[in-house]
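In my numbering, the protein residues as written are 80 to 679.
Set out below in structure tokens:
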């Protein structure tokens with residue numbers, strides 16, 4: 080068992096693209112975790128989606144051995160965390176298992192919104208932070224200015240910030256020395272009753288559920304009978320080990336160590352992330368503080384494109400929920416799309432990633448409805464309901480008032496793009512709370528309605544600032560809003576999957592926009608098809624898909640005009656009858672494109 084003073088548990092936190100995963104690669108290389116032949120770019124980003132998008136989605140852990148200048152050998156447990164706002168839950172979980180953090184800041188771009196958000200997460204978790212300035216080899220790097228910026232914006236001492244280039248390997252030994260000398264060792268006692276925090280879990284087709292644990296007190300051994308304290312279930316441990324980054328069995332984990340266990344856990348629901356694992360015969364007296372449960376902010380319904388795949392979708396969602404506890408789902412059904420699931424996500428990127436993982440990892444074809452948020456509705460009879468899905472919108476006469484969620488958003492942007500960003504926030508019903516300047520960058524704090532943000536706010540922000548603006552938000556509170564439900568009707572029939580709740584001032588524009596998009600997407604029929612947006616019984620926008628015209632007079636050569644007129648009248652009567660009985664099939668591709676509401 081390793082001496083506690085020779086263990087360091089740390090996370091790498093930073094904004095997106097500031098070099099977390101590249102720094103992790105260099106640390107693994109420097110400590111000889113993998114041979115030159117085994118190394119690859121972003122070695123810890125092992126999900127296909129992570130490599131393709133160049134982002135970290137799942138926090139990964141690795142144990143490294145480092146021989147310090149004082150001659151001692153240290154065990155470093157590194158957790159590489161995501162940088163995107165939608166995965167901040169993943170970051171907070173990783174930080175709960177550590178005592179320190181490397182705060183990585185790009186020496187050319189400086190402190191961004193997510194740098195700030197993740198730094199505050201680390202401060203809240205009482206972690207010791209070591210500032211690291213990355214990319215100092217770039218011509219645009221300004222280490223002295225950025226060092227001052229860290230002190231001004233985040234408020235931590237950056238005088239001894241480590242200067243590195245993770246790409247070239249410059250300064251990596253200094254990072255390792257700073258880890259050993261400036262971060263505290265973990266606390267714990269091997270003699271106490273076993274207490275281990277369940278940090279993460281995922282499904283392995285051969286081993287069942289694999290759990291990532293951080294032992295606080297006691298020793299976790301192979302063959303030991305353990306108990307999950309929240310569910311009371313008991314299991315016998317089959318394997319105990321660490322990631323180096325290869326899976327390596329060690330037989331036991333002592334206090335302060337991070338590693339994995341498998342215990343033939345069959346079902347997904349038995350492994351609650353944040354649970355405390357203890358010895359079955361000699362249980363610990365109290366539960367470790369877990370993580371605050373994540374609150375989904377964006378909801379969307381997922382349906383299998385082929386209804387026969389419903390059970391496969393249920394199983395896939397179950398496995399993803401095990402791997403990502405911040406994602407929630409429940410069964411629902413729709414008249415247009417059949418049986419499906421109402422799912423809750425932490426943001427739009429989170430929603431997109433889950434959909435792509437379902438398609439790639441489980442080979443499912445799915446249809447997703449437009450994203451929506453949760454509204455609180457108080458009814459005239461005094462009761463209150465939560466509205467997750469616009470199709471469940473109650474009758475207007477029963478509604479007393481509707482409250483919508485608002486967020487507090489921090490946007491950091493260079494001066495020259497500030498005007499466009501403020502205009503965008505005002506368009507989205509934003510209220511300015513604060514505007515400050517630090518070293519040529521503006522930081523605007525706005526209060527915004529969440530349903531204005533979930534559609535395309537992030538994309539618009541990036542395009543008007545040429546990618547320089549960074550954005551972070553937290554839920555603020557619920558406020559009463561003048562909201563209405565807009566129904567979309569195709570040939571007089573309401574399409575429930577396209578219903579949406581919007582502010583009354585924007586209902587007409589939103590409805591017209593969707594009708595215009597559908598006009599290009601709904602295939603032409605042999606009769607005219609009316610596309611309408613309506614609030615209650617009042618139509619607010621309409622487009623018409625013109626009929627395909629079959630040339631019924633092609634066989635008439637010359638002769639009296641009445642012959643042609645007779646054929647055309649016959650066709651007209653047939654079309655009228657068809658319109659009365661005709662059923663318009665909206666293809667799935669049209670659904671999917673219509674639901675991608677982005678400002679074109």
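For glycine and all other residues, C-beta sits at the position ideal for the given N, C-alpha and C. Being a predicted model, the structure only gives us computed values, none of them experimental.
Among 269, 215 and 206, whose alpha-carbon lies nearest the alpha-carbon of residue 258?
206
Among the residues of its own chain, which have a CB less than 7 Å from the CB of residue 220, if the five just before and after it don't count?
186, 187 and 214
Less than 8 Å between the CB atoms is what I'm expecting for residue 366 and residue 308, so what's the real figure, rounded?
5 Å
Mapping DSSP to helix, strand and coil, what is residue 624?
DSSP places residue 624 in the strand class (E or B) of the three-state scheme.
To the nearest angstrom, how far is the alpha carbon of residue 578 from that of residue 473?
13 Å
What beta strand (DSSP E) runs, 3 residues minimum, are completely inside the region 395-464?
407-413, 417-424, 445-447 and 454-458, all fully within the region 395-464.
Sub-8 Å separation of residue 337 and residue 140 beta-carbons
yes
Which of the three DSSP states, helix, strand or coil, is assigned to residue 94?
coil
Under the three-state reduction of DSSP, which class applies to residue 564: helix, strand or coil?
If DSSP states are grouped into helix, strand and coil, residue 564 belongs with the strands.
Do residue 503 and residue 540 count as a contact pair if the criterion is CB distance below 8 Å?
yes
Here's the rule I'm using: 16 or more other beta-carbon atoms within 10 Å means buried, otherwise exposed. How should residue 638 be labelled?
exposed
Buried versus exposed, by CB contacts within 10 Å (16 or more), residue 412
exposed
Please look up how many angstroms separate the CB atoms of residue 222 and residue 86, rounded, as I've assumed it's under 8 Å.
Contact flag wrong, Cβ pair sits at about 31 Å.
Separation of residue 547 from residue 439, as counted between CA atoms
The alpha-carbon atoms of residue 439 and residue 547 are separated by roughly 31 Å.
Kindly list the residues whose CB is nearer than 7 Å to the CB of residue 533, restricted to its own chain and excluding five residues on each side of it in sequence; keep chain order.
377, 427, 450 and 452
Roughly how many whole angstroms lie between the Cα atoms of residue 246 and residue 528?
40 Å
Between residue 232 and residue 102, what straight-line distance do the alpha-carbon atoms span, to the nearest angstrom?
Straight-line Cα distance between these residues: approximately 23 Å.
For residue 454, which residues from the same chain have a beta carbon less than 6 Å from its beta carbon, with the 5 sequence-adjacent residues on both sides left out?
466, 481 and 483
Paired residues, beta bridge with residue 258 - DSSP:
Looking at the DSSP assignment, residue 258 forms no beta bridge with any residue, so it has no partner.
Is the separation between the beta-carbon of residue 517 and that of residue 489 shorter than 8 Å?
no
If distances are taken between C-alpha atoms only, which option among 583, 603 and 643 comes closest to residue 619?
Answer by Cα proximity: 583.
Can you tell me the Cα-Cα spacing of residue 228 and residue 400, whole angstroms?
39 Å
At which residues does the beta strand (DSSP E) containing residue 380 begin and terminate?
377-383 is the span of the beta strand (DSSP E), which, as asked, contains residue 380.
Spatial distance of residue 137 from residue 461 (CA atoms):
Unreliable placement is indicated for residue 137, whose pLDDT of 49 sits below 50; no coordinate value is reported for it.
With a floor of 4 residues, list each alpha helix (DSSP H) that falls wholly inside the region 505-580, ordered by position along the chain.
Whole alpha helix (DSSP H) segments, 4+ residues: 529-543.
Just to confirm the assignment, what range does the beta strand (DSSP E) spanning residue 328 have?
326-328
Report yes if the CB atom of residue 294 is closer than 8 Å to the CB atom of residue 320, and no otherwise.
Cβ atoms of residue 294 and residue 320: not closer than 8 Å.
Skipping 5 residues on each side, what residues in its chain have a beta carbon closer than 8 Å to that of residue 331?
So the list reads 80, 298, 299, 300, 301 and 319, once near-sequence residues are dropped.
Does the distance from the C-beta atom of residue 649 to that of residue 625 stay below 8 Å?
It is not a contact, given that the beta carbons lie outside the stated cut-off.
Per DSSP, residue 153 forms a beta bridge with which residues?
145
I need the DSSP call for residue 100, collapsed to helix, strand or coil.
helix
Using only CA atoms, which one of 256, 635 and 646 lies nearest to residue 150?
256
Terminal residues of the alpha helix (DSSP H) in which residue 484 lies
Segment 478-493 is the beta strand (DSSP E) holding residue 484; no alpha helix (DSSP H) there.
When you compare the CB positions of residue 272 and residue 363, do they come within less than 8 Å of one another, or not?
Inclusion of residue 272 and residue 363 in the CB contact set at 8 Å is warranted, their separation being smaller than that value.
Of all the beta strand (DSSP E) runs that stay within the bounds of the region 189-277, which reach a length of 3 or more residues?
207-213
Looking only at its chain, what residues have a beta carbon closer than 8 Å to the beta carbon of residue 132, apart from the 5 residues adjacent to it on each side?
In this predicted model, residue 132 has a pLDDT of only 48, less than 50, meaning its place in the structure is not dependable; the value taken from the coordinates is given anyway. Nothing listed; no residue qualifies.
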